[in-house]
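Going by our numbering, 120 is the number at position 120 of the sequence shown; the sequence numbering is gapless.
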Amino acid sequence: RFDRMLFSSMMYPGDYGFIPETLALDKDPLDVLVMGTEPVYPMTVMEVKHIGVFHMTDEKGPDEKIICVPVSDPIWSNNNDISDLNPHRLKEIEHFFQVYKDLEEKKVDTGGWSNAEKAVEIYHECVERYDKSEHKAKRTFMI
Numbered sequence: 001r002f003d004r005m006l007f008s009s010m011m012y013p014g015d016y017g018f019i020p021e022t023l024a025l026d027k028d029p030l031d032v033l034v035m036g037t038e039p040v041y042p043m044t045v046m047e048v049k050h051i052g053v054f055h056m057t058d059e060k061g062p063d064e065k066i067i068c069v070p071v072s073d074p075i076w077s078n079n080n081d082i083s084d085l086n087p088h089r090l091k092e093i094e095h096f097f098q099v100y101k102d103l104e105e106k107k108v109d110t111g112g113w114s115n116a117e118k119a120v121e122i123y124h125e126c127v128e129r130y131d132k133s134e135h136k137a138k139r140t141f142m143i
């Protein structure tokens, strides 16, 4: 299902998607932002490595973004933690999420960064929340 229409001429600072069979605190699948050399086609399933978390809150509450890199991309695959990213890239990501809902007149509060270990912790919490939810019984498959 189509989830996010940007109301501005901005572009996501990476490939934006979600992790299937997870349930974040905002009742949506856990968001993921994948750094990469080239954009990928929509609906692509990709093997990625988590390197950190960007914390933010929007109108629905806490809305963490798991930051990942493609395992198969030699330019990015040596990044193992958020601290491995260029500091300017972190500023670009933070700036994007600070303003991407401005034209919708929605408020966003940013809350900084956490490391790869915290990303794993949040992921496991979201899998557990999904497993305990009614969403698990309603699995859908694409053909």
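We put the beta carbon where it would ideally sit given N, CA and C, even for glycine.
Just list the alpha helix (DSSP H) runs in the segment 41-108, keeping only unbroken ones of 4 residues or longer that don't cross its boundaries, in chain order.
-> List check, alpha helix (DSSP H) in window: 87-99.
Might you give, ordered along the chain, the residues of its own chain that have their beta carbon closer than 6 Å to the beta carbon of LYS157, omitting 5 neighbours on each side?
-> No information on residue 157 is available, as it lies outside the stretch 1 to 143 that the chain covers here.
Is the beta carbon of TRP113 less than 8 Å from the beta carbon of VAL48?
-> One-based indexing of the sequence shown puts residue 113 at position 113. One-based indexing of the sequence shown puts residue 48 at position 48. Their beta carbons are not under 8 Å apart, which means TRP113 does not touch VAL48 by this criterion.
8 Å Cβ cutoff met for VAL32 and CYS68 = Numbered from its first residue, the sequence shown carries residue 32 at position 32. Numbered from its first residue, the sequence shown carries residue 68 at position 68. Judged by their CB atoms, VAL32 and CYS68 are nearer to each other than the 8 Å cut-off.
Three-state secondary structure assigned by DSSP to ASP131 = Here residue 131 refers to the residue found at position 131 of the sequence shown. The DSSP-derived three-state label of ASP131 is helix.
Classify TYR16 as helix, strand or coil using the three-state DSSP reduction.
-> Locating residue 16 in the sequence shown gives position 16, where the first residue counts as 1. Here TYR16 sits in strand by DSSP.
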